[in-house]
Amino acid sequence: WIFALDRVGVARASAGLFVPTLVLMGVAATEGVTHAYGANPIQWPAALAGAGTLVLGAVVLYAFAPARGESANRSVWDRASIAIGGIGIALGVAVLFMPAFAAQISGEFAGQAFEASWMMLGAESAGGWLPLALSLLLVGAAFDASRTRWSLRRRLAVAAILALSCALWPLLASTPLRTWTRWIPTEVLQDLGTEYAHMTVEMVSQPLTIVALVVVLAGAACVALGTLDWAAVGRRAEGRA
Numbered sequence: 206w207i208f209a210l211d212r213v214g215v216a217r218a219s220a221g222l223f224v225p226t227l228v229l230m231g232v233a234a235t236e237g238v239t240h241a242y243g244a245n246p247i248q249w250p251a252a253l254a255g256a257g258t259l260v261l262g263a264v265v266l267y268a269f270a271p272a273r274g275e276s277a278n279r280s281v282w283d284r285a286s287i288a289i290g291g292i293g294i295a296l297g298v299a300v301l302f303m304p305a306f307a308a309q310i311s312g313e314f315a316g317q318a319f320e321a322s323w324m325m326l327g328a329e330s331a332g333g334w335l336p337l338a339l340s341l342l343l344v345g346a347a348f349d350a351s352r353t354r355w356s357l358r359r360r361l362a363v364a365a366i367l368a369l370s371c372a373l374w375p376l377l378a379s380t381p382l383r384t385w386t387r388w389i390p391t392e393v394l395q396d397l398g399t400e401y402a403h404m405t406v407e408m409v410s411q412p413l414t415i416v417a418l419v420v421v422l423a424g425a426a427c428v429a430l431g432t433l434d435w436a437a438v439g440r441r442a443e444g445r446a
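Count along the sequence shown from 1, add 205, and you get the number used in the numbering used here.
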């Protein structure tokens, strides 16, 4: 770790912090295939989506070092990205308060059958947080790109990670972040996953989330178009030189 900090700096070295998580997931996958240690109750679509996000983050952190250089003027594409990102942030916050799952628990309490059903909000789902996180990334990237002269590959990396993260949403959408609910008896919750109690969650229609992700994709397109425009201006400047 000290060697990496000295050789490549803290930003790139931090990519190594993702390695233990990916290795442990690989161990869990091996156990799931070989059944060496019994059952493996991992939600693999969500785990694979998380692994893909970690790999993308590691690539961006390692391959695209922080930009250096003189200040740059904010282009029309940077302004468009900031405006679109602001819309995405507003939609992302709204998504957190929209229904995401219809949840139902059945079990036994005090010797009698117990059943409960309720709606889980976007803030209680992994997919519900994605539009807000990507919109914040879009705005932050647009501000940073206008503050410093980004390289071509750094600009393309931002557009790629926004687009690919939106593509991961279907894998995250059906993943709740919690199963513990205060108003349900603890005895029932403790029995979840056994023959005495079980919980089911069913996705509800999420049109606002789709709209928010489309807005993020529009922002990614602005970043990509701004990259092409930036590259063209650079080539014209080199030609005049």
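Don't be surprised by glycine CBs; every beta carbon is placed ideally from N, CA and C.
{"query": "Going by DSSP in three states, Gly398 sits in which element: helix, strand or coil?", "result": "coil"}
{"query": "Do the CB positions of Leu335 and Gly424 come within less than 8 Å of each other?", "result": "no"}
{"query": "Pairing CB atoms from the stretch 372-385 with CB atoms from the stretch 322-330, are three or more of them under 8 Å?", "result": "yes"}
{"query": "Can you name the start and end residues of the alpha helix (DSSP H) that Gly237 belongs to?", "result": "224-239"}
{"query": "Within the same chain, show all residues whose beta-carbon is closer than 8 Å to that of Trp206, passing over the 5 residues directly before and after it, in chain order.", "result": "Ala218, Gly221"}
{"query": "Tell me which residues share the same chain as Gly312 and place their Cβ nearer than 7 Å to its Cβ, disregarding the 5 neighbours each side in the sequence.", "result": "Phe319, Val393, Asp396, Tyr401, Ala402"}
{"query": "Measuring CA to CA, which of Val224, Arg359, Gly237, Val363 is closest to Ala256?", "result": "Val224"}
{"query": "Let me check understanding here. Comparing Cα to Cα, which of Leu433, Val232, Thr399, Pro375 lies closest to Ala251?", "result": "Pro375"}
{"query": "Using the DSSP secondary-structure output, state which residues sit across from Gly312 in a beta bridge.", "result": "Phe319"}
{"query": "With burial defined as no fewer than 16 other Cβ atoms inside 10 Å of the residue's Cβ, what is the status of Asp283: buried or exposed?", "result": "buried"}
{"query": "Can you give the Cα-Cα distance for Leu259 and Gln317, rounded to whole angstroms?", "result": "45 Å"}
{"query": "Compare the Cα-Cα distances from Val344 to each of Ser286, Asp211, Leu210 and report the closest residue.", "result": "Ser286"}
{"query": "Inspect the beta-carbon positions of Pro390 and Phe306 and report whether they are closer than 8 Å.", "result": "no"}
{"query": "Which residue wins for smallest C-alpha separation from Thr405, given the options Ile310, Ala233, Glu329?", "result": "Ile310"}
{"query": "Residues in the same chain with beta-carbon distance under 7 Å from Gly297, minus the five sequence neighbours each way, listed in chain order, please.", "result": "Pro336, Leu337, Ser340, Ala417"}
{"query": "Could you have a look at Ser330 and say whether DSSP puts it in helix, strand or coil?", "result": "strand"}
{"query": "Let me know the secondary structure DSSP gives Ala368 once reduced to three states.", "result": "helix"}
{"query": "Note the first and the last residue of the continuous alpha helix (DSSP H) segment covering Val298.", "result": "281-301"}
{"query": "With distance defined between alpha-carbon atoms, name the residue in Gln248, Val428, Arg359 nearest to Leu261.", "result": "Arg359"}
{"query": "Count the other C-beta atoms from every protein chain shown that fall within 10 angstroms of the C-beta of Leu373, then say buried if there are 16 or more, exposed otherwise.", "result": "buried"}
{"query": "Would Ala421 and Gly293 be called neighbours here (beta carbons separated by less than 8 Å)?", "result": "It is Val, not Ala, that sits at residue 421 in the sequence shown. Yes."}
{"query": "Using only the alpha-carbon positions, how far apart do Thr399 and Ile289 sit?", "result": "47 Å"}
{"query": "Can you tell which of Ala426, Ala321, Val419 has the C-alpha that lies nearest to the C-alpha of Trp388?", "result": "Ala321"}
{"query": "Please state the DSSP three-state secondary structure of Pro380.", "result": "Correcting the residue type first, residue 380 is Thr in the shown sequence and not Pro. Thr380 falls in the coil class under three-state DSSP."}
{"query": "Rounded to the nearest angstrom, what separates Ala346 and Ala263 at their Cα positions?", "result": "17 Å"}
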